[in-house]
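Colleague: Note that the protein sequences, when read in sequence, are chains A and B.
When we follow our numbering, the leftmost residue of the first sequence carries the number -1, and every step to the right adds one.
When we follow our numbering, the leftmost residue of the second sequence carries the number 3, and every step to the right adds one.
Even glycine gets a Cβ: it sits at the ideal position worked out from N, Cα and C.
For clarity, every value in this text was computed on a predicted model and none was experimentally measured.
After the structure tokens below, expect a handful of questions from me.
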Amino acid sequence: MIEIRDLWFTYGAREGPTLAGIDITIKKGEFVLLAGPTGCGKSTLLKTLNGIIPHESGGELRGSVRINGIETALSCMMELARITGLVFQNPDDQIFSTMVEDEIAFGPENLCLPKPEIEQRVRESLEMVGMSKHRLAATGTLSGGQKQRVCIASMLAMMPKILVLDEPISQLDPAGAAEVMHIIRQLNIKLGLTIVLVEHRLHEIAPLADRIVLMNCGKIVLDEPVKRAFEQIDVFHRLGLRVPETVELFHRLGLNGQPLVVDEAVAVLQPMMNKAQTTGHVAGYADLNSNCGSYSDSGIKKDERDKHSKGSKGNTHKTHSPLISMRGVWSGYTKDKMVLKNIDLDICSGERLAFMGTNGSGKSTLLLHIPAMLKPDRGVVEIFGRDTHSVDPYSLAGRVGVVFQNPDLMLFCDTVEDEARFCPVNLGLADVEKRVANSLEAMQITDLRHDTPHALSRGQRLRTAVASVLSMSLELILLDEPTTGQDRVHIRQMMEYFVDNASTLIFCTHDVETAVQYATRIIVLRDGYVIADGTAHEVFMHEEILAQASLKPPAAMEVGRRLGLCVFSVDELEDELKGEIEGILC
Amino acid sequence: MLSARTIAEPSPGDTVIHLMDPRTKIILLLCAAFIVVALDNPDTMLLLLLIVLSAYVFAKLPVLKLKALGVLLVLIIWGTMYSQALFYSQVPRTVIFTIIAPDAPVLGWLTHGGLFVYKEGFHYGALQAMRSATVLSLGLLMCWTTDPRDMLSGLVRLKVPYSLAFMVVTAVRFLPIIIAEVATVMSVQRLKGFKPTKFGMGMIKTALGVLTPTLAGCVRRAGVLAVSIESRAFRAYPTRTYLKELKFSNLDRVLILTAVVTTATIVTLKILFNLYISEIYYSSALRGIYAFTRGYL
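This is the structure we're talking about:
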């Protein structure tokens, strides 16, 4: 279906090729997962698949790309577009209609198909993505996952043979991502569509794909069927890519096999555990087990949750008075629809708080109430001991750093360095250069200091945006979705910087693993209510809470739970299991 | 941030105005444009403006939009009237207020004989203001009560080339998002301790600071959108088919007929009247028409 031979591509303005000798053949009906660090040429490769390169983009192309037997360079964009459907990261950039039906009908209408056929294609495409009920819905009222499904349906209406998706789930919440992935898998199996998908969230996609292709610096460095790909786990590590936690665990324990899903891992580990138990290797194992049991059985009674949160408050109160306190906060954009409902919250210095929940649960709204950008309709929000109703958000400049969901809107200087210099210069702080150097260093972008921010990759732009606020002496850092489109390494570097500096950090995220690993406290929101508030251990023990907020526990935790262990990360699980496994293997 | 979007986006509804065919609305707007240019009588013009404004009552728009309209109208009407009152240059003119006397030192010479507020200028300004206000109110009413998709179909059915209509409507659709982004950028800058200055070089710097990220965002978004619609065979053929057909209701037919006939009549009468005034053509049979035109149009 796709045949690429010795493909070289250089963008006009850049030195050095972006693609350097790509050779790959993709068969009909294959599901290929393409991954690699940011800026490795993945997106460029995708563009060659539907003819944007070389037809719509400047640059020099050498080599051959054959799609369905057609040499792309000799064909035209329109012909290629009908073979290859493209879906991008952000559905909002692709949908231009105000009604779902129009969006789907757009392509067939352009092809001058007769009305009954358009009608049929619209109906079938919507059916395939499970959106038939929403045919006449306004596109603005859909959730992220639904919008992305509409984008896929609008491509399906063109009846493509290949579906190319560029990070289709990176901007979706876990529930939306699961919806979309399920649909993609269905299309692959039922319609036999060839799928090429780029994604950072390897651990979520890998179990669905047939084959993994890794790229680095414009070259393909690994091309294996999924089952065998993780045998070369060091390649993934070297490129800073996330591998499924179960694979990571088996690798560290020195076990054979690369289980992609929890079930497989448990199937191997369970017998070992049983054996260990009978031979008495696990001391205190039974205790742990009963502990976990009591947590998950106890459900989510409100009073119990209060006890939890009060407990944690009590501890911190002894040493600090809260930086931020919210009492009975209600807030909404319109009078009849409240986004936040009766929020009570105290946040103390040194805490790292994660707000979690589905899209539309009120995370971002809650975040913006903290720096007085939004004011509550009812109740009181206090920051640094002052009621936000009387605080001008801009007077907090220099004490509170806010990084918005879209980092692009935060970058307006000519170079990365200027971006970091902007705040301290405006605030008239001392040691400007030292601050700039420190913040660039902290975000690992010192080598990009003279680059234009908007020419960087998304991950780099986000880090620049964070660096631009870090150069102030902040008492509080607020980040909205800092993990979107980021490599594993960079998330780690960024979060470890905050941990090392004992910064008070509040962030919204869908990324369960990051939250569990770096947040000292997790707040789960649903429909504007706080439904859980506590440490990762406390929150993630309640399966019902997780289900309500459509959160999936990290794989390591799930494996641990099935084995009856209270663990939250691969590290902990490794520690728990290492002794036993070694005991058995000996 | 949100109020900006509320003002820019259409409010859905099922009132008479909302249900009108988009083609009817576009034709009405065109007719209004012709009429306001043709009309010179302030009383009739006021009547027209009031008719347009009364349509807002039927459309049941949210208060925020009405407020926005109010502010715009006050600005336009007051601004036009005042500037015309100051700079009215035709004679006869009556001074009702002196701002700078002709014999004032330096200023009198600078302003070339003083600065006055003229009564006729006020009248003339009022007329001009009502012209702009009428078209503006009608245009906004149209945008606020018509879904962009209907606007697109309407334009295309009125023989506007599809690519052009598509571009116009898509631009309008993304406008609210861009407005929201500008608001975000401005608050980001202030959160970073930047104090926007209102005058001089500072103003340019502020504007550039806002433009860079917004434009970068637009370019990026436009790129994605372009590829996305290209891959759905946009403009693959000179024509295309349409899934949805528009249908005129009887009300639409009546409105269009009335509007077109009225416009044609007014324009014809004005032309005849002007021919008579400029002594090119005169017929005694048309004296009744001349009198009517002089009196009411």
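At a CB distance below 8 angstroms, what residues from the segment 142 to 160 of chain B approach chain A? Give them in sequence order.
Modeller: Within the segment 142 to 160 of chain B, the qualifying residues are Asp149, Pro150 and Arg151.
Colleague: What is the DSSP secondary structure of A/Asn499, reduced to helix, strand or coil?
Modeller: In the structure shown, A/Asn499 sits in coil (DSSP, three-state: anything other than H, G, I, E or B).
Colleague: In three-state terms, what does DSSP make of A/Gly312?
Modeller: Note that A/Gly312 scores a pLDDT of 40, beneath 50, so its modelled location is shaky; the value from the coordinates is reported in the next line. The answer is helix: DSSP assigns A/Gly312 an H, G or I state.
Colleague: With DSSP collapsed to three states, give me the class of A/Glu431.
Modeller: If DSSP states are grouped into helix, strand and coil, A/Glu431 belongs with the helices.
Colleague: Among B/Ile268, B/Arg175, B/Ala287 and B/Tyr239, which has the Cα closest to the Cα of A/Leu111?
Modeller: Considering only alpha carbons, the answer is B/Tyr239.
Colleague: With B/Gly290 as the anchor, note down where its alpha helix (DSSP H) starts and where it stops.
Modeller: Arg289 to Tyr298 is the span of the alpha helix (DSSP H), which, as asked, contains B/Gly290.
Colleague: Per DSSP, what are the beta-bridge partners of A/Ile475 in this structure?
Modeller: According to DSSP, A/Ile475 bridges with A/Gly399 and A/Leu503.
Colleague: Buried or exposed: where does B/Thr260 fall if 16 or more other Cβ atoms within 10 Å of its Cβ makes it buried?
Modeller: Looking at its Cβ environment, which holds fewer than 16 other Cβ atoms inside 10 Å, B/Thr260 is exposed.
Colleague: Tell me which residues of the segment 360 to 393 of chain A have at least one Cβ-Cβ distance to chain B shorter than 8 angstroms, keeping chain order.
Modeller: Answer set for the segment 360 to 393 of chain A: Pro369, Met371, Pro391 and Tyr392.
Colleague: Rounded to the nearest angstrom, what separates B/Asn276 and B/Phe89 at their Cα positions?
Modeller: For B/Asn276 and B/Phe89, the distance between alpha carbons rounds to 26 angstroms.
Colleague: As a quick exercise: from B/Ser155, B/Leu227 and B/Lys272, pick the residue whose alpha carbon is nearest that of A/Asp91.
Modeller: It is B/Leu227 whose Cα lies nearest to the Cα of A/Asp91.
Colleague: Can you give the Cα-Cα distance for A/Gly105 and B/Ile206, rounded to whole angstroms?
Modeller: Each residue's Cα considered, the two are about 43 angstroms apart.
Colleague: Does the CB of A/Glu107 have a neighbour CB from chain B at under 8 angstroms?
Modeller: Chain B, which has a Cβ nearer than 8 angstroms to the Cβ of A/Glu107, makes this yes.
Colleague: Classify A/Val211 as helix, strand or coil using the three-state DSSP reduction.
Modeller: Note: A/Val211 maps to strand in three-state DSSP.
Colleague: Find the residues of chain A that neighbour B/Phe236, judging by a C-beta separation of less than 7 angstroms, and give them in chain order.
Modeller: Ordered by position in chain A, the residues that pass the 7 angstroms Cβ test against B/Phe236 are Asn108.
Colleague: Give me, in chain order, the residues of the same chain whose beta-carbon lies closer than 8 angstroms to that of B/Phe99; leave out the 5 immediate sequence neighbours on both sides.
Modeller: These residues qualify, in order along the chain: Phe118 and Val119.
Colleague: Can you pull the chain A neighbours of B/Ser13, defined as C-beta to C-beta under 9 angstroms?
Modeller: By Cβ distance, chain A contributes nothing, its closest Cβ being about 12 angstroms from B/Ser13, past 9 angstroms.
Colleague: Any beta-carbon of chain A closer than 8 angstroms to the one on B/Gly290?
Modeller: No, its Cβ sits nowhere closer than 8 angstroms to a Cβ of chain A.
Colleague: One question on the structure: do A/Glu102 and A/Ser141 come within less than 8 angstroms of each other, judged by their Cβ atoms?
Modeller: Checking the displayed sequence, the identity of residue 102 of chain A turns out to be Ile instead of Glu. No, the Cβ-Cβ distance between A/Ile102 and A/Ser141 is not below 8 angstroms.
Colleague: Helix, strand or coil, according to DSSP, for A/Ile0 in the structure here?
Modeller: Strand at A/Ile0.
Colleague: Name the DSSP beta bridge partners of A/Asp375, please?
Modeller: Answer is none; A/Asp375 lacks a bridge partner.
Colleague: When the Cα atoms are used, what is the spatial distance from B/Glu232 to B/Leu299?
Modeller: Distance between the alpha carbons of B/Glu232 and B/Leu299 is about 51 angstroms.
Colleague: Can the beta-carbon of B/Pro64 be found closer than 8 angstroms to that of B/Asp152?
Modeller: No, Cβ-Cβ distance for B/Pro64 and B/Asp152 is not below 8 angstroms.
Colleague: Specify whether the segment -1 to 17 of chain A and the segment 52 to 61 of chain A touch according to this definition: at least 3 beta carbon pairs, one from each stretch, less than 8 angstroms apart.
Modeller: Yes, since at least three Cβ pairs between the segment -1 to 17 of chain A and the segment 52 to 61 of chain A fall closer than 8 angstroms, the two stretches touch.
Colleague: Can you tell me where the beta strand (DSSP E) with A/Ile218 in it begins and where it stops?
Modeller: Taken as a continuous stretch (DSSP letters only), the beta strand (DSSP E) holding A/Ile218 covers Lys217 to Pro223.
Colleague: Using a Cβ cut-off of 8 angstroms, pull out every chain A residue sitting near B/Thr241, in sequence order please.
Modeller: The contacting residues are Cys110.
Colleague: Determine whether the beta carbon atoms of A/Arg524 and A/Gly255 lie at a separation below 8 angstroms.
Modeller: Contact flag unset, no.
Colleague: Using a Cβ-Cβ distance cut-off of 8 angstroms, determine whether B/Leu193 contacts chain A.
Modeller: Yes, contact with chain A.
Colleague: Measure the Cβ-Cβ separation of A/Arg461 and A/Gln442 and say whether it is below 8 angstroms.
Modeller: Cβ distance < 8 angstroms, so A/Arg461 and A/Gln442 count as in contact.
Colleague: Is there a Cβ from chain A that is less than 8 angstroms from the Cβ of B/Pro163?
Modeller: Chain A contact via Cβ: absent.
Colleague: Between the beta-carbon of A/Leu561 and the beta-carbon of A/Pro551, is there less than 8 angstroms?
Modeller: Not closer than 8 angstroms, so no.
Colleague: Using a Cβ-Cβ cut-off of 8 angstroms, state whether A/Ser95 counts as contacting chain B.
Modeller: Closer than 8 angstroms: yes.
Colleague: For A/Val537, I'd like the list of residues in its chain whose CB is within less than 7 angstroms of its CB, leaving aside the five on either flank, ordered along the chain.
Modeller: Closer than 7 angstroms at Cβ, skipping near neighbours: Ile520, Val522, Ala530 and Ile543.
Colleague: Apart from the five residues on each side of it in sequence, which residues of its chain come closer than 6 angstroms, Cβ to Cβ, to A/Gly330?
Modeller: The answer, listed in chain order, is Met336 and Val337.
Colleague: Tell me which same chain residues have a C-beta within less than 8 angstroms of the C-beta of A/Glu415, skipping the five on either side of it?
Modeller: Hits under 8 angstroms: Val434, Leu438, Arg447 and His448.
Colleague: Check A/Ala530 in the structure and name its three-state DSSP category.
Modeller: Three-state DSSP puts A/Ala530 in a strand.
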